[in-house]
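Asks: Counting in this note's numbering, the sequence shown runs from 3 upward without gaps.
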Amino acid sequence: AERLANKTILITGASAGIGQATALEYCEASNGNVKLILLARRYEKLEEIAKELTSQFPNVKVHLEKFDVCDYEKVETMLANLPEEFKDIDILINNAGKALGVDRVGDIKHEDVESMFATNVLAMINFTQKVLPIFKKKNSGDIVQLGSMAGRYSYVGGSVYCATKHSLRSFTDALRMELIDTKIRVIEVAPGNVETEFSMIRYKGDSAAAGKVYENTVPLYADDIAEIIVYSTSRKENTVMAQALVFPSCQASPFHLSRA
Ligand code: 8X3
Numbered sequence: 003a004e005r006l007a008n009k010t011i012l013i014t015g016a017s018a019g020i021g022q023a024t025a026l027e028y029c030e031a032s033n034g035n036v037k038l039i040l041l042a043r044r045y046e047k048l049e050e051i052a053k054e055l056t057s058q059f060p061n062v063k064v065h066l067e068k069f070d071v072c073d074y075e076k077v078e079t080m081l082a083n084l085p086e087e088f089k090d091i092d093i094l095i096n097n098a099g100k101a102l103g104v105d106r107v108g109d110i111k112h113e114d115v116e117s118m119f120a121t122n123v124l125a126m127i128n129f130t131q132k133v134l135p136i137f138k139k140k141n142s143g144d145i146v147q148l149g150s151m152a153g154r155y156s157y158v159g160g161s162v163y164c165a166t167k168h169s170l171r172s173f174t175d176a177l178r179m180e181l182i183d184t185k186i187r188v189i190e191v192a193p194g195n196v197e198t199e200f201s202m203i204r205y206k207g208d209s210a211a212a213g214k215v216y217e218n219t220v221p222l223y224a225d226d227i228a229e230i231i232v233y234s235t236s237r238k239e240n241t242v243m244a245q246a247l248v249f250p251s252c253q254a255s256p257f258h259l260s261r262a
């Protein structure tokens with residue numbers, strides 16, 4: 003808790019799922035002694051979340067931004083215009099991401115290809131580049147990248163999504179090497195099946211198909227990944243949890259899933 007005290011944490015995709023759970027987990031781990039910058043397109047959701055967090059943790063400071071991470075050119079201004087006490091970011095959580103469809107190559111809509119690469123890759127790179135100067139200036143800071151087992155394996159129907167998460171992993175590994183002479187930590191957390199809105203979005207609202215992903219399993223939940231994220235950013239300064247591949251106990255790869 004002491005290591006997190008008074009940290010400023012920026013979370014993209016904070017309106018639901020892992021992003022939302024991570025905001026709560028930072029509050030719990032620090033007893034509300036953190037400053038949260040929460041970004042999402044759905045501002046009303048952010049307002050609900052902020053209300054809950056501040057009622058539970060009266061001393062937490064929360065700043066909300068209605069923000070589409072794909073508005074690349076707006077990131078610099080957003081960071082520059084943060085209220086003074088939120089400007090000095092300590093932890094960046096590149097959480098916003100999505101899969102769209104399970105179509106095979108030849109049938110994938112180009113707009114889905116663009117949307118996945120825009121969010122999972124280009125926005126992630128852009129945020130990293132725009133926040134990095136803040137970290138370099140003080141020679142500290144944590145960058146947490148939401149990878150996926152899809153960045154370790156490829157599977158049928160996931161060509162583009164898997165390519166985005168492999169891209170994230172390559173970018174992240176190179177960045178860690180580039181920062182070897184600094185105290186900036188680069189952390190990749192790569193989940194397997196986590197039950198969030200993820201599958202509803204992948205299956206474009208087909209709740210039967212989305213539900214099948216987790217059927218007869220105990221999947222991970224958003225708060226399980228949030229725990230790992232908070233853990234990874236509260237290690238001693240000499241410790242970098244470079245990569246964490248995290249499965250539910252019934253899973254060992256996209257191809258090994260036990261349905262009881
Ligand atoms: C989420 C897990 O199954 O789409 O990144 O690879 S999966």
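Backbone N, C-alpha and C fix where the C-beta goes; we use that ideal spot for every residue, glycine too.
#1: Looking at the unbroken beta strand (DSSP E) that takes in G143, where does it start and where does it end?
#2: R171 by DSSP, collapsed to three states: which one?
#3: Say the cut is 7 angstroms; is the CB of L69 nearer than that to a heavy atom of ligand 1?
#4: Alpha carbon to alpha carbon, what distance is there between D175 and Y223?
#5: Is T219 helix, strand or coil when you go by DSSP?
#6: Assign S17 to one of two classes, buried (16 or more other C-beta atoms within 10 Å of its C-beta) or exposed (fewer than that).
#7: In chain order, what are the residue ranges of uninterrupted beta strand (DSSP E) at least 3 long that sit wholly in the segment 94 to 151?
#8: At the level of alpha carbons, what is the spacing between I20 and G103?
#9: Let me know if R178 comes out buried or exposed under the rule of 16 or more other beta-carbons within 10 Å of its beta-carbon.
#10: On the DSSP bridge list, what partners appear for I51?
#11: Return the CA-CA distance between T14 and S260, expressed in angstroms with no decimal places.
#12: What are the boundary residues of the beta strand (DSSP E) that E78 is part of?
#13: Is there contact here, the segment 45 to 59 with the segment 78 to 85, by at least three beta-carbon pairs under 8 angstroms?
#14: Does E239 pass the burial test, meaning 16 or more other C-beta atoms within 10 Å, or should it be called exposed?
#15: Taking 7 angstroms as the cut-off, is the beta-carbon of Y205 closer than that to any non-hydrogen atom of ligand 1?
#16: Once the 5 residues before and after T198 are set aside, which same chain residues still bring their CB inside 6 angstroms of it?
#17: Consider the C-beta atom of G194 and the heavy atoms of ligand 1; say whether any pair is separated by less than 7 angstroms.
Replies: Inspection of the coordinates gives the following:
#1: 143 to 148
#2: helix
#3: It is worth fixing the name first, because residue 69 is Phe in this sequence and not Leu. No, the Cβ of F69 stays beyond 7 angstroms of every heavy atom of ligand 1.
#4: 26 angstroms
#5: coil
#6: buried
#7: Segments of the beta strand (DSSP E) lying fully in the segment 94 to 151: 143 to 148.
#8: 20 angstroms
#9: buried
#10: Beta-bridge pairing links I51 to no other residue.
#11: Counting only the Cα atoms, S260 lies some 32 angstroms from T14.
#12: No beta strand (DSSP E) holds E78; the alpha helix (DSSP H) holding it covers 77 to 82.
#13: Touching, no.
#14: exposed
#15: Ligand 1 has no heavy atom closer than 7 angstroms to the beta-carbon of Y205.
#16: G19, A224
#17: Inclusion of G194 in the 7 angstroms shell around ligand 1 follows from its C-beta lying nearer than that to a non-hydrogen atom of the ligand.
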